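Engineer:
Number of protein chains: 2
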Amino acid sequence: MSAVPSRRRTGRDQLLAVALRLFARDGIQATSLQDIADEAGVTKAGLYYHYKTKDEIVLDVLRPLLDALPAVTRRAEAHRTRTARVDEVLGGLIEIALYEHSGFAVLMQDPYLTRLLGQQESMRQWWDGTSTLILGPDPDPQTRIGLAMFINGLAGAGRDPAMTPLDDRSRRQALLECGRRLLRCD
Amino acid sequence: MSAVPSRRRTGRDQLLAVALRLFARDGIQATSLQDIADEAGVTKAGLYYHYKTKDEIVLDVLRPLLDALPAVTRRAEAHRTRTARVDEVLGGLIEIALYEHSGFAVLMQDPYLTRLLGQQESMRQWWDGTSTLILGPDPDPQTRIGLAMFINGLAGAGRDPAMTPLDDRSRRQALLECGRRLLRCD
DNA sequence: GTCTATATAAAGATAGAC
DNA sequence: GTCTATCTTTATATAGAC
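Listed in order, the protein sequences are those of chains X and A.
According to the UniProt record's numbering, numbering within the first sequence proceeds without interruption in unit steps and concludes at 186.
According to the UniProt record's numbering, numbering within the second sequence proceeds without interruption in unit steps and concludes at 186.
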């Protein structure tokens, strides 16, 4: 028994980090358990001590992301003005896109995950609720489409070469400005 | 010899249509030759009369798209004012995203294709050139990132539920408005 | 907790008949 | 131009030793 119950770099966590990197680079479907095992320095069978199936690995890799998105919405609900809610949602999504960009890109774009989450029914519900929260129950189509372009373009914009000369703060600011323009909040 | 040399629904074309639909729905890697053959009503071996490899099918499916993007840029180069060039590029990309949306989404997002095109070196070059054409040689980062969000978000926004109530013209208009806002052209 | 070895299914691809 | 049959490789997954 360890005297330190806090999270260390246990085998499981290391596997997840390796898997996420490969998923983001090659796509989930193209990443075999053999690839993950090789990269992690274990054998394929060794993975099965930690996980029963590949899907279990996938879901565990994306778990932090799947939790982070509703958390953003909950924080936004605590605000009373529309402006504050918009900023909380846009800012929260930008944080995720910038600092967990691998996971965010996989979550938003990988076809394997789309199927695994059942055509993303849960994702769609979260997005509907979040959209309604910041745009109101009956927003004009232009604004809704602007928001759709923001969420769909965020992962790509976050890893665009145009970001490289900017520091962290400028990156957040630039992406926030994109969102505000699309939602006509500037 | 046929009296009608024009394009009919030959076996090859039908295979491409089937393949594109499956690629867009499940991703390229998750779509096996068996899947395509089943859907097209032939056997797996039958595919190999038309194509030597799966990659050949993939590239042939995406060929119209890979040709359409540079064509947009060439049309834009014919204009002299920046405004006209911007509208030609944005409008051209919107046309593709709306009317060849399956192919466009696959082209922009599928990890299999990214690898097949060699980390998309050719795509990156096209995008650099197009970006420079409409933004000038040294655009401010905010505008470049806005353009990145547009191209990356276009496929997703084009198939967002918010599009359904709109007719074709309104859809084009809404997406164009997104682009103009991101580029501060309104 | 990680290994060797193996089972089983499915992938891409080819040979050759019709 | 499409088929049946088959080859080879690789995928997920399991059994059981250490």
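Note that the Cβ used here is the ideal one computed from N, Cα and C, for glycine as well.
All values reported here derive from a predicted model rather than from experimental measurement.
Please confirm if X:Leu166 has its CB atom under 8 angstroms from at least one CB of chain A.
Structural biologist: yes
Engineer: With 16 other CB atoms within 10 Å as the buried threshold, where does X:Gly136 fall?
Structural biologist: exposed
Engineer: Among X:Ala24, X:Gly179, X:Gln119, X:Ser122, which one has its Cα closest to the Cα of A:Ile145?
Structural biologist: X:Gly179
Engineer: Hey, how far is the Cα of A:Tyr49 from the Cα of A:Arg63?
Structural biologist: 19 angstroms
Engineer: Looking at chain X, is there any beta carbon in it that lies within less than 8 angstroms of the beta carbon of A:Cys178?
Structural biologist: yes
Engineer: Could you tell me which chain A residues have their CB closer than 7 angstroms to the CB of X:Tyr112, listed as they occur along the chain?
Structural biologist: Gly27, Ala30
Engineer: Which one of A:Leu182, A:Thr53, A:Arg172 has the shortest CA to CA distance from A:Pro141?
Structural biologist: A:Leu182
Engineer: Give the C-beta separation of X:Leu147 and X:Ser131 to the nearest angstrom, bearing in mind that I take them to be a contact with Cβ-Cβ under 8 angstroms.
Structural biologist: 6 angstroms
Engineer: Cα separation between X:Arg82 and A:Asp60?
Structural biologist: Approximately 48 angstroms, taken between the alpha carbons.
Engineer: Closer than 9 angstroms, Cβ to Cβ, to anything on chain X: give me those residues from the stretch 92–125 of chain A, in chain order.
Structural biologist: Met108, Gln109, Asp110, Pro111, Tyr112, Thr114, Arg115, Arg124
Engineer: Does the distance from the C-beta atom of X:Pro111 to that of A:Asp87 stay below 8 angstroms?
Structural biologist: Contact: no.
Engineer: In terms of residue numbering, what span does the alpha helix (DSSP H) encompassing X:Asp60 cover?
Structural biologist: In the DSSP assignment, X:Asp60 falls within the unbroken alpha helix (DSSP H) covering 54–77.
Engineer: Pick helix, strand or coil for A:Ile94, following the three-state DSSP scheme.
Structural biologist: helix
Engineer: Just by C-beta distance, which residues in the stretch 123–144 of chain X are closer than 7 angstroms to chain A?
Structural biologist: Those residues of the stretch 123–144 of chain X that come within reach of chain A (Cβ to Cβ, closer than 7 angstroms) are Pro141, Gln142, Arg144.
Engineer: Checking 8 angstroms against the spacing of the C-beta atoms, do X:Leu47 and X:Ala37 come in under that value?
Structural biologist: yes
Engineer: With DSSP collapsed to three states, give me the class of A:Arg169.
Structural biologist: helix
Engineer: How big is the Cα-Cα spacing for X:Asp160 and A:Glu56?
Structural biologist: 29 angstroms
Engineer: What does A:Leu175 touch in chain X if you count any residue whose Cβ is under 9 angstroms from its own?
Structural biologist: Ile145, Met149
Engineer: If you check the beta carbons only, do X:Ala97 and X:Val89 fall under 8 angstroms apart?
Structural biologist: no
Engineer: Establish whether the CB of X:Asp55 and some CB of chain A are separated by less than 8 angstroms.
Structural biologist: No, X:Asp55 lies away from the interface with chain A (no Cβ there is under 8 angstroms from its Cβ).
Engineer: Could you give the first and the last residue of the continuous alpha helix (DSSP H) run that contains A:Val106?
Structural biologist: 101–109
Engineer: Counting C-beta neighbours from all protein chains within 10 Å, is the total for A:Thr53 16 or more, i.e. buried, or is it exposed?
Structural biologist: Looking at its Cβ environment, which holds fewer than 16 other Cβ atoms inside 10 Å, A:Thr53 is exposed.
Engineer: Determine the extent of the alpha helix (DSSP H) in which A:Gln119 is found, giving its start and end residues.
Structural biologist: That residue, A:Gln119, is in no alpha helix (DSSP H); it is neither H nor E in DSSP.
Engineer: From this set, X:Ser32, X:Arg124, X:Ala40, X:Ala78, which residue's C-alpha is nearest X:Leu15's C-alpha?
Structural biologist: When only C-alpha atoms are compared, the closest one is X:Ala40.
Engineer: Indicate whether at least one CB of chain X lies closer than 8 angstroms to the CB of A:Leu182.
Structural biologist: yes
Engineer: By DSSP, does X:Gly41 sit in helix, in strand, or in coil?
Structural biologist: coil
Engineer: Excluding the five sequence neighbours on either side, which residues of its own chain have a C-beta within less than 6 angstroms of the C-beta of residue 211 of chain A, listed in chain order?
Structural biologist: Residue numbering for chain A in the displayed model covers 1 to 186; residue 211 of chain A lies beyond these limits and cannot be assessed.
Engineer: Please tell me whether X:Asp87 has its Cβ less than 8 angstroms away from any Cβ of chain A.
Structural biologist: Chain A contact via Cβ: absent.
Engineer: Could you tell me whether the Cβ atoms of X:His101 and X:Ala155 are closer together than 8 angstroms?
Structural biologist: yes
Engineer: Can a CB atom of chain X be found closer than 8 angstroms to the CB of A:Gln14?
Structural biologist: Taking Cβ atoms only, chain X never reaches closer than 8 angstroms to A:Gln14, which makes this a no.
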